[in-house]
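Engineer: Under numbering that gives the first Met the number 0, the first residue of the sequence shown is numbered 0, with each subsequent residue one higher.
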Amino acid sequence: MDDINVLHHRCLLNLRRRIRDVGDGRPAQERYMRLQKDGDTLRLYNGNPVGQQFGPKCARGDRIGCGIHSENIEAGFTTVFFTKNGKEVGSVEVPVSAEGLFPAVGMHSMGEEVKVDLKAEWLLEEDDSLMMVDSHEDDWGRLYDIRVSGTLLEYVGKGKSIVDVGLAQARQPLTTRCHYYEVEIVDAGEKCYIALGLARRDYPRNRHPGWSRGSVAYHADDGKIFHGSGVGDAFGPRCFKGDIMGCGIMFPRDYILDREGDMDDWDRLEVHSGHAGVQNVLYLNDEEEEEEAGEGVEQGPEGRKVTVFFTRNGKLMGRREMVVPHGGLYPTVGMLSSGEKVKVDLHPLSG
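As structure tokens, then:
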């Protein structure tokens, strides 16, 4: 394509960049700049509508980074560098205004979606330069047909039959210190076969949460709850893109999980949700304890009974009693159709 055709066929996009003036208390300002894109080629645009070939093309799953070397910033210039999947692609020297340089991201076509990490760290080593990004993979003990990118889980399985379950199970079980987690549906995919719940540590990899013994789960596609059975019960509304589903445990007050050890600082358990409307239901209130005294603390064949609860967009959907298997109950997310993506917060409650 010659230069004339490039100018004819390029697409322009207004990217709103919000700049916050730190220190003088002035309100945030909005600025606009023009971005251009030619196909899917990664180009370098440095204050000029005509880009230069700079690095390899990027595709789904790639991680692109941008940073600055601040050695010469006092002279009014700095070096801006770019990375792809942790490897430096190149750099360019640019002038720095008094306001500084602000992160900016542009997108062009329908369906484009990115995950931004503004706290990535760049560490220089003797042999190489690496951008260290917290992938959160250490949060997960098991991952089958699930790809992790930060807090985003993406289904990468076949999605052809019920055995093509994508399963993500947290490394740690829920405890009285961390008793609740949430999943936001970023993309419902073809069928929204997304489920969140709790399961034993050795839960089978090809079974949706809730379908097999030692698990319970709320399923987004039909709003049903599955509790150790392939047949679900009506429970709550269906869930769609943008909905936030939550799951937690109401522990008896004298409950201590084997792995928790001593629990002598109860003040730390007075927590509030990061989402408005979700109450801290770590413990059953006094009235409920009296009504369920014979059930909530009963010793089962494998362990103690607890009450598992589910939420949708900050509202309590319902509860189910469940025996805690040996080792505890682990946050478990299942997906089963192409294109499904969820964002998981394993620690949504903060003091």
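Heads up, the beta-carbon is just placed ideally off N, CA and C, and yes, glycines get one too.
On a predicted model such as this, the values are computed, not experimentally measured, just so you know.
(1) Please classify F225 as buried or exposed, where buried requires at least 16 neighbouring CB atoms within 10 angstroms.
(2) Leaving out five residues before and five after G338 in sequence, what residues of the same chain have Cβ atoms less than 7 Å from its Cβ?
(3) Would you kindly check if the distance between the Cβ of K342 and the Cβ of L142 is under 7 Å?
(4) Counting only beta-carbon separations shorter than 7 Å, does E183 have a partner in chain B?
(5) State the DSSP-derived secondary structure class of D137, mapped to helix, strand or coil.
(6) Going by C-alpha distance, which of G327, C246, A216, G245 is nearest D232?
(7) Judging by CA-CA distance, which residue of K240, S214, C65, G241 is the nearest neighbour of L230?
(8) Contact check, T77 vs G64 under 8 Å by CB: the rounded distance?
(9) Look up R42 in the DSSP assignment and say whether it is helix, strand or coil.
(10) Within a Cβ cutoff of 7 Å, which residues of the same chain sit near K159, ignoring the five residues on either side of it in sequence?
(11) Going by DSSP, what residues sit across from P94 in a beta bridge?
(12) Determine contact between the stretch 235-251 and the stretch 302-314, defined as no fewer than three beta-carbon pairs at a distance below 8 Å.
(13) With a cut-off of 8 Å on the beta carbons, I'd call T306 and E320 a contact; round off their distance for me.
(14) May I have the straight-line CA-CA distance separating E87 from G99, to the nearest angstrom?
(15) Enumerate in chain order the residues of its own chain whose CB-to-CB distance from G60 is below 6 Å, with the five nearest sequence positions on each side excluded.
(16) Using 10 angstroms around the beta-carbon of L348, count the other beta-carbons present and answer buried if the total reaches 16, otherwise exposed.
(17) Hey, how far is the Cα of C57 from the Cα of G105?
(18) The beta strand (DSSP E) with C65 in it runs from where to where?
(19) Using the three-state DSSP reduction, which class does H346 fall into: helix, strand or coil?
(20) Measure the C-alpha to C-alpha separation of E112 and K314 and round it to an integer number of angstroms.
(21) Answer with buried or exposed for R351, where buried requires no fewer than 16 other C-beta atoms within 10 angstroms of its C-beta.
(22) Taking the beta strand (DSSP E) that E111 falls in, what are its first and last residues?
(23) Would you report the Cα separation of Y154 and I145, rounded to the nearest angstrom?
(24) Tell me which residue opens and which closes the beta strand (DSSP E) that Q168 is part of.
(25) Less than 7 Å between the C-beta atoms of F80 and G66, yes or no?
(26) Spatial neighbours of R206 within its chain, please: CB distance less than 7 Å, with the 5 preceding and 5 following residues excluded, ordered by chain position.
(27) For a test of the three-state rule: what should DSSP assign to C191, helix, strand or coil?
(28) Taking Cβ to Cβ, would you say P208 is nearer than 7 Å to G110?
(29) Would you mind reading off the limits of the beta strand (DSSP E) that contains I161?
(30) Should P172 go down as buried or exposed, given a rule of 16 or more other Cβ atoms within 10 Å for buried?
(31) Sort L345, E183, A119 by Cα distance to D242 and report the nearest one.
(32) Give me the DSSP bridge partner(s) of P330.
(33) Under a three-way DSSP split, which group does H226 fall into?
(34) Can you grab the Cα-Cα spacing for the pair F234 / G317, in whole Å?
Structural biologist: Working from what's here:
(1) Buried, since its Cβ has 16 or more Cβ neighbours within 10 Å.
(2) The beta carbon of G338 lies closer than 7 Å to those of D186, G188, E189 in the same chain, with the five residues before and after it left out.
(3) No, these two residues do not count as a Cβ contact at 7 Å.
(4) Annotation note: the requested chain B is absent from the structure, which comprises a single protein chain.
(5) The answer is helix: DSSP assigns D137 an H, G or I state.
(6) When only C-alpha atoms are compared, the closest one is A216.
(7) First, the amino acid is wrong: residue 230 is Val here, not Leu. That would be S214, whose Cα lies nearest to the Cα of V230.
(8) At roughly 16 Å, the Cβ-Cβ gap does not stay under 8 Å, so T77 and G64 are not in contact.
(9) Secondary structure at R42: strand, using DSSP grouped into helix, strand and coil.
(10) For K159, where only same-chain residues beyond five positions count, there are no Cβ hits under 7 Å.
(11) DSSP lists F76 as partners of P94.
(12) Touching, yes.
(13) With 8 Å as the limit, T306 and E320 qualify as a contact, their Cβ atoms being about 6 Å apart.
(14) Their Cα atoms are separated by approximately 22 Å.
(15) The answer is none, since no qualifying residue turns up.
(16) Under this definition L348 is a buried residue.
(17) Those two C-alpha atoms are separated by around 14 Å.
(18) Boundaries of the beta strand (DSSP E) harbouring C65: 63-68, taken from the DSSP string.
(19) In the structure shown, H346 sits in coil (DSSP, three-state: anything other than H, G, I, E or B).
(20) Answer to the nearest angstrom: the Cα atoms are 28 Å apart.
(21) No information on residue 351 is available, as it lies outside the stretch 0 to 350 that the chain covers here.
(22) It is not in any beta strand (DSSP E) - E111 carries neither H nor E in the DSSP assignment.
(23) Going by the C-alpha atoms only, they are around 5 Å apart.
(24) DSSP places Q168 inside the beta strand (DSSP E), whose first and last residues are 165-169.
(25) With respect to the 7 Å criterion, F80 and G66 are classified as neighbours on the basis of their beta carbons.
(26) The answer, listed in chain order, is V164.
(27) In this structure, C191 counts as coil in the three-state DSSP scheme.
(28) No, these two residues do not count as a Cβ contact at 7 Å.
(29) Element bounds for I161: n/a, residue is neither H nor E.
(30) Answer is buried; the Cβ neighbour count reaches 16.
(31) Distance from the Cα of D242 is smallest, within the candidate group L345, E183, A119, for E183.
(32) Bridge partners of P330: L197.
(33) The answer is strand: DSSP assigns H226 an E or B state.
(34) Cα to Cα, F234 sits roughly 7 Å from G317.
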